[in-house]
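A quick write-up on the structure given underneath.
Chains as they are written, first to last, in this note's numbering: chain A, 39 to 224; chain B, 40 to 165.
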């Protein structure tokens, strides 16, 4: 099944996403890594995530941009964990050369839709960055608006939509389907 | 009153327009540089912006919010939830954040129905 999970930082999104991807794996189990390291803090975060995945049986596919390319390198019948829309959009919108790609959201949306059309079992992770009392610059606001549009699109196409709330899960869509798989991860 | 809240860009206005079969002409769009009372429209959109306008110009907002509730008893009121970020350094934004929080609690008590939107999906809270 297709599962979308979001929520605030450190709420357990990645943990649940890993368990769910593993639970629905019959063959290949892929971790689609989207994060591009910018500094030592990122290196540490990436290493921590890699350590946490040790022994789970994930094949890691590095795809920080051009997300639809995973379809060339992976068996689309496998189980995918795609972590995260947030990092992918950021990489596409703000490439390292200092440019800004104003059509990044369109590109991510088209890649994501191709994947959702071809892959049956996938968990998509995003970040809920929409409830703070800040007035952002235009570019940041454009990024937030674009990510929210991608979230809504993915949530619309997924069977199950989850919100992680401090190690609890709120089921916004697909309660019945989710119940079946949740028994396996308890 | 019907209260719809949620984070930015979660589909609150689309939901209201769709559910109540309304259009652009039914919307009062609040602005953070206009502290005039939002009224006379079926949808009052982004009252958090109106509250920011109030906080910028007035020492107290309680009376204005009370008036708002009286004048908008039959409206669909839409508000961005701004309660879950880092405490802002700017004292004005801190006051804004707290006032929006208190206002949402007051509006929730007055509302017949309260809906939260998450990624375009509504949850009925009341």
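The beta-carbon is built from N, C-alpha and C at its ideal position, and this holds for glycine as well. In this text, all values refer to a predicted model and were calculated from it rather than measured experimentally.
Going by DSSP, name the residue or residues bridged to residue i.
i: residue 117(B); result: 43(B) and 84(B)
i: residue 127(B); result: Its beta-bridge partners do not exist; DSSP assigns none.
i: residue 59(B); result: For residue 59(B), which the question treats as bridged, DSSP gives no partner whatsoever.
i: residue 117(A); result: 67(A) and 159(A)
Could you tell me the boundaries of the beta strand (DSSP E) in which residue i lies?
i: residue 100(B); result: Taken as a continuous stretch (DSSP letters only), residue 100(B) belongs to no beta strand (DSSP E), as it is neither H nor E.
i: residue 40(A); result: 40-45
i: residue 68(B); result: 66-68
i: residue 161(B); result: 160-163
How many whole angstroms separate the CB atoms of residue i and residue j, which I take to be in contact at a CB cut-off of 8 Å?
i: residue 70(A); j: residue 99(A); result: 5 Å
i: residue 154(B); j: residue 142(B); result: About 16 Å separates the two Cβ atoms, so there is no contact after all.
i: residue 125(A); j: residue 187(A); result: Their Cβ separation, rounded to whole angstroms, is 17 Å, which puts residue 125(A) and residue 187(A) out of contact at 8 Å.
i: residue 156(A); j: residue 117(A); result: The Cβ separation is near 14 Å, so there is no contact.
i: residue 167(A); j: residue 190(A); result: Wrong, their Cβ atoms sit about 14 Å apart, outside the cutoff.
i: residue 145(A); j: residue 102(A); result: That pair is no contact at about 13 Å.
i: residue 163(A); j: residue 55(A); result: 5 Å
i: residue 193(A); j: residue 159(B); result: 6 Å
i: residue 238(A); j: residue 123(B); result: Nothing can be reported for residue 238(A): it is not among the residues displayed for chain A, which extend from 39 to 224.
i: residue 248(B); j: residue 55(B); result: Since the first and last residues shown for chain B are 40 and 165, residue 248(B) lies out of range.
i: residue 65(B); j: residue 81(B); result: 4 Å
i: residue 83(B); j: residue 117(B); result: 7 Å
i: residue 108(A); j: residue 153(A); result: 7 Å
Is residue i buried or exposed, if buried means 16 or more other CB atoms sit within 10 Å of its CB?
i: residue 62(A); result: buried
i: residue 138(B); result: buried
i: residue 222(A); result: exposed
i: residue 65(A); result: exposed
i: residue 47(A); result: exposed
i: residue 111(B); result: buried
i: residue 59(B); result: exposed
i: residue 130(B); result: exposed
i: residue 100(B); result: buried
i: residue 45(A); result: buried
i: residue 136(A); result: exposed
i: residue 125(B); result: exposed
i: residue 88(A); result: exposed
i: residue 136(B); result: buried
i: residue 110(A); result: exposed
i: residue 212(A); result: buried
i: residue 50(B); result: buried
i: residue 165(B); result: exposed
i: residue 130(A); result: buried
i: residue 96(B); result: exposed
i: residue 224(A); result: exposed
i: residue 48(B); result: buried
i: residue 144(B); result: exposed
i: residue 95(A); result: exposed
i: residue 128(A); result: buried
i: residue 72(A); result: buried
i: residue 149(A); result: buried
i: residue 175(A); result: exposed
Considering just the uninterrupted stretch of the alpha helix (DSSP H) at residue i, what are its terminal residues?
i: residue 126(A); result: 123-131
i: residue 58(A); result: 51-61
Going by the C-beta, is residue i closer than 6 Å to any heavy atom of the ligand MN?
i: residue 164(A); result: With respect to the ligand MN, the structure offers nothing, as it holds no ligand at all.
Continuous alpha helix (DSSP H) assignments of at least 4 residues falling wholly in the segment 154-217 of chain A: 176-195
Those runs of the beta strand (DSSP E) which lie wholly inside the segment 64-112 of chain A and span at least 3 residues: 67-71 and 97-100
Any alpha helix (DSSP H) of 4 or more consecutive residues that is wholly inside the segment 129-157 of chain B: 130-149
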